[in-house]
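Q: Below is one structure. I have some questions about it.
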Amino acid sequence: MSQTDSLNLQPVNRGDASSPLVLLGVTGCIAAYKSCEILRGLQKAGVRVKVVMTKNACEFVGPTTFRALTHEPVAIDTFGDGPGDPIHHVSLAEECDLFLIAPCTANVLAKMAAGIADDLLSTTALACTAPIAVAPAMNVHMYEAVATQSNMRTLAARGVHFIEPGEGYLACGDVGRGRLADPADIVSYALEMLKSERDLAGKRIVVTAGPTVEPIDAVRFISNPSTGKMGFAIAEAAARRGAQVTLVTGPVSLDDVAGAQMVRVGTACEMKAAVDEAFPSADIAIFSAAVSDFRPRVACDRKLKKGADDEALAHIDLVENPDILASCGASKRAGQVVVGFAAETNDVTGNARSKLVRKGADFIVANDVSCGRGFGADSDETSFVSASGEEHLPEMGKRQLADRILDKALEFLK
Ligand code: CTP
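Residues in the sequence shown are numbered consecutively from 1, following the working numbering.
This is the structure:
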């Protein structure tokens, strides 16, 4: 009899790449067997589940059980042979929509509160930017200990959600608070959290990203050093929040965004054609691409040679590229939200305000790229400039900024 047979399991929907993903953290506690029930409850609701467990948790439930239930590798070792991913804690933390740790021991709570990352589960918790929910389970005295209560307050103040333990007979024989909350209640809580995080469900979003590349000849081109990180972060956040995303990107070295329709283009004209196709049915369009303003009038299909082609190399005749944002801003129908970017070195808000009007955007994400800031950075200090004024945002990572941009676009959509 396999371990799954012994649990008398019915076939369930394990979710697919477009399903919300819950990372279920299992820690070393007698209630660890209840994680199987939580996992099944989530799967029945169409949620995809991956499991990360501590070594102590393996003393209570074998990883094979979770592997059988999820059909996914179970993550335990930081340095072990993961599924081909050397920085497993980062990828697990990045891909999940919710990190649910149930049951969570006093020890893991303490590590999270202190920022200790000494195994895969705690490292993943530290690296996780998705919402975290914790269902503590422990002996009543450990639960009531000043240290544990203080750790929980610290974590709650940082935005960690708690699914409070119940009262009753505990495995150790004591009576009191510390029993893992009912698995059905944990599942409902997690589903509620996912629902509120999927506020873009049913919305279509087009995002442009990266540079465009305008060929001069077979080996030379006009371009810029845009990395595409901002646009990819927006597409990732929008997909995570349930939107149907089309990401039109120039050449960048970033992997496809899971769940987004990827359109990889080269030139501004190709980018415009792809956007023209997606824009009419879009609710929100966000233009973060660094589009080359001009392109060579003719692109020679062979390599131009020094000497023989000096004239063609020294005098490249340029023509203006279409302004993709401006054309969408001019044609947008009521109810569509158009967002532009303005990377400026001087008079940042003045320039952003003039772009807002000139390009027909609802708001502009303006940032100061003087003093070497800008291209390739992982964080930005920006302002939202709209007809109603200017809102300054403190410096933040591109992922966080992506969510703020989407929040702002949603305000305009309502
Ligand atoms: N943009 C676009 N198509 C273009 C040029 C720009 O869609 N051909 C969009 C960018 O994606 C960005 C915004 O317009 O959202 C502003 O881009 P930027 O390069 O700052 O503006 P320009 O119009 O090129 O103005 P300038 O170079 O004078 O700053």
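Here a beta-carbon is modelled for each residue, glycine too, at the ideal position from N, C-alpha and C. Keep in mind that this is a model prediction, so the values were computed, not measured.
By the three-class DSSP mapping on this structure, what secondary structure does E344 have?
A: Along the sequence shown, read from residue 1 onward, the residue named residue 344 stands at position 344. The answer is strand: DSSP assigns E344 an E or B state.
Q: Report the rounded CA-to-CA distance for G28 versus C96, giving the unit in angstroms.
A: Here the question's residue 28 lines up with position 28 in the sequence shown. Here the question's residue 96 lines up with position 96 in the sequence shown. Cα to Cα, the separation comes out at about 22 angstroms.
Q: Kindly indicate the opening and closing residues of the alpha helix (DSSP H) around H141.
A: Locating residue 141 in the sequence shown gives position 141, counting from the first residue. Residues V140 to E144.
Q: Alpha carbon to alpha carbon, what distance is there between N351 and V334?
A: One-based indexing of the sequence shown puts residue 334 at position 334. One-based indexing of the sequence shown puts residue 351 at position 351. The displayed chain sequence assigns Ala, not Val, to residue 334. The straight-line gap from Cα to Cα measures roughly 26 angstroms.
Q: Return the chain-ordered list of same chain residues with a C-beta closer than 6 angstroms to the C-beta of G178, the five sequence neighbours on each side being excluded.
A: Along the sequence shown, read from residue 1 onward, the residue named residue 178 stands at position 178. Excluding residues within five positions, the ones whose Cβ falls inside 6 angstroms are M138, N139, V140, Y143, P165 and L170.
Q: Can you tell which of F363, G329 and K332 has its C-alpha closest to the C-alpha of F341?
A: For the purposes of this step, residue 341 is taken as the residue at position 341 of the sequence shown. Among F363, G329 and K332, the Cα nearest to that of F341 is on F363.
Q: With distances taken from CA atoms, which of E320, K332, Q336 and S388 is nearest R353?
A: For the purposes of this step, residue 353 is taken as residue 353 along the sequence shown, with counting starting at 1. Ranking the options by Cα distance to R353, first place goes to S388.
Q: For E311, does the count of other Cβ atoms within 10 angstroms reach 16, so buried, or fall short, so exposed?
A: Your numbering for residue 311 matches position 311 in the sequence shown. By the 10 Å Cβ count, E311 comes out exposed.
Q: Write down the C-beta distance between L254 and F287 rounded to the nearest angstrom, noting that I regard them as a contact closer than 8 angstroms.
A: Against the sequence shown, residue 254 aligns to sequence position 254. Against the sequence shown, residue 287 aligns to sequence position 287. The Cβ separation is near 17 angstroms, so there is no contact.
Q: In the structure shown, what three-state DSSP assignment does D310 receive?
A: Position 310 of the sequence shown holds residue 310. Helix.
Q: Mind checking whether L406 and A238 have CB atoms under 8 angstroms apart?
A: To locate residue 406, count along the sequence shown from 1; it is residue 406. To locate residue 238, count along the sequence shown from 1; it is residue 238. Yes, the Cβ-Cβ distance between L406 and A238 is below 8 angstroms.
Q: Output yes or no for whether 8 angstroms exceeds the beta carbon distance between V47 and V26.
A: What you label residue 47 is simply residue 47 of the sequence shown in a count that begins at 1. What you label residue 26 is simply residue 26 of the sequence shown in a count that begins at 1. Result no, Cβ atoms of V47 and V26 do not sit closer than 8 angstroms.
Q: Whole angstroms is fine: what's the gap from A366's alpha carbon to S383's?
A: To locate residue 366, count along the sequence shown from 1; it is residue 366. To locate residue 383, count along the sequence shown from 1; it is residue 383. Near 5 angstroms, if we compare the C-alpha coordinates of S383 and A366.
Q: Can you round the beta-carbon distance between L104 and T65 to whole angstroms, since I take them to be within the 8 angstroms contact cut?
A: If you number the sequence shown from 1, residue 104 lands on position 104. If you number the sequence shown from 1, residue 65 lands on position 65. The question names Leu, but residue 104 in the sequence shown is Cys. Not confirmed; about 19 angstroms, so no contact.
Q: Is the beta carbon of V291 within less than 7 angstroms of some heavy atom of the ligand CTP?
A: Here residue 291 corresponds to residue number 291 of the sequence shown, with the count starting at 1. V291 Cβ: within cutoff of the ligand CTP.
Q: Taking the alpha carbon of I132 as the point to measure from, which residue in A145, A102, R297 and A114 has its own alpha carbon closest?
A: In the sequence shown, counting from the first residue as 1, residue 132 sits at position 132. Ranking the options by Cα distance to I132, first place goes to A102.
Q: Let me know the secondary structure DSSP gives E420 once reduced to three states.
A: Since the first residue shown for the chain is 1 and the last is 414, residue 420 is missing from the structure and cannot be characterised.
Q: Using a Cβ-based criterion (distance less than 7 angstroms to any ligand heavy atom), does D97 qualify as near the ligand FMN?
A: As far as ligands go, the structure on display features the ligand CTP and does not contain the ligand FMN.
Q: Give the single residue among S281, T212 and A218 whose Cα lies nearest to the Cα of P251.
A: In the sequence shown, residue 251 corresponds to position 251, counting from 1. Selected option, being the one with the closest Cα: T212.
Q: According to DSSP, is I284 part of a helix, a strand, or is it coil?
A: The residue labelled residue 284 in the question sits at position 284 within the sequence shown. Three-state result, I284: strand.
Q: Please tell me whether, using a cut-off of 7 angstroms, the distance from the CB of D347 to the nearest non-hydrogen atom of the ligand CTP is below it.
A: What you label residue 347 is simply residue 347 of the sequence shown in a count that begins at 1. Every heavy atom of the ligand CTP is 7 angstroms or more from the Cβ of D347, so no.
Q: Should the region 42-57 be called in touch with the region 143-153, which here means at least 3 C-beta pairs below 8 angstroms?
A: No, the region 42-57 is not in contact with the region 143-153.
Q: Smallest Cα separation from F162: which of P322, D119 and M193?
A: On the sequence shown, residue 162 is found 162 positions in, with the first residue counted as 1. Taking only the C-alpha atoms, the option nearest F162 is M193.
Q: Starting from the C-beta of A125, find all residues in its chain whose C-beta is less than 6 angstroms away, skip the five residues before and the five after it, and write them out in chain order.
A: Within the sequence shown, numbered from 1, the residue matching residue 125 stands at position 125. For A125, where only same-chain residues beyond five positions count, the Cβ hits under 6 angstroms are M112.
Q: When the Cα atoms are used, what is the spatial distance from G176 to E167?
A: Along the sequence shown, read from residue 1 onward, the residue named residue 176 stands at position 176. Along the sequence shown, read from residue 1 onward, the residue named residue 167 stands at position 167. G176 and E167: Cα-Cα distance of roughly 5 angstroms.
Q: In whole angstroms, what separates the C-alpha of L109 from that of A233?
A: Taking the first residue of the sequence shown as position 1, residue 109 is located at position 109. Taking the first residue of the sequence shown as position 1, residue 233 is located at position 233. Approximately 29 angstroms, taken between the alpha carbons.
Q: Just list the alpha helix (DSSP H) runs in the region 59-135, keeping only unbroken ones of 4 residues or longer that don't cross its boundaries, in chain order.
A: List check, alpha helix (DSSP H) in window: 63-70, 88-95, 106-114 and 120-127.
Q: Rounded to whole angstroms, what's the CA-CA distance from Q336 to A285? Just pull it up for me.
A: On the sequence shown, position 336 is the one that residue 336 refers to. On the sequence shown, position 285 is the one that residue 285 refers to. Distance between the alpha carbons of Q336 and A285: 8 angstroms.
Q: Here's the rule: buried if 16 or more other CB atoms are within 10 angstroms of the residue's CB, otherwise exposed. What is C328?
A: The sequence position of residue 328 within the sequence shown is 328, counting from 1. That one is buried.
Q: Taking R264 as part of the beta strand (DSSP E), name the residues at either end of that continuous run.
A: Here residue 264 corresponds to residue number 264 of the sequence shown, with the count starting at 1. That run of the beta strand (DSSP E) goes Q261 to R264.
Q: Curious, which full-length alpha helix (DSSP H) runs of at least 4 residues does the region 345-369 contain?
A: As far as the region 345-369 is concerned, its whole alpha helix (DSSP H) runs of at least 4 residues are 348-358.
Q: Pick from K359, A181 and P296: whose alpha carbon is nearest that of S331?
A: For the purposes of this step, residue 331 is taken as residue 331 along the sequence shown, with counting starting at 1. Among K359, A181 and P296, the Cα nearest to that of S331 is on K359.
Q: Can you tell me the Cα-Cα spacing of Y33 and L98, whole angstroms?
A: Residue 33 sits at position 33 when you count from the first residue of the sequence shown. Residue 98 sits at position 98 when you count from the first residue of the sequence shown. About 20 angstroms.
Q: Just tell me which of K203, P322 and T345 has its CA closest to the CA of C371.
A: Along the sequence shown, read from residue 1 onward, the residue named residue 371 stands at position 371. Comparing Cα-Cα distances from C371 to each of K203, P322 and T345, the minimum goes to T345.
Q: Decide if R297 is buried, meaning its Cβ has at least 16 other Cβ atoms within 10 Å, or exposed.
A: The count along the sequence shown starts at 1 and reaches residue 297 at position 297. So R297 ends up on the exposed side.
Q: Relative to the C-alpha of L304, which residue among F294, H315 and R295 is closest?
A: On the sequence shown, position 304 is the one that residue 304 refers to. Considering only alpha carbons, the answer is H315.
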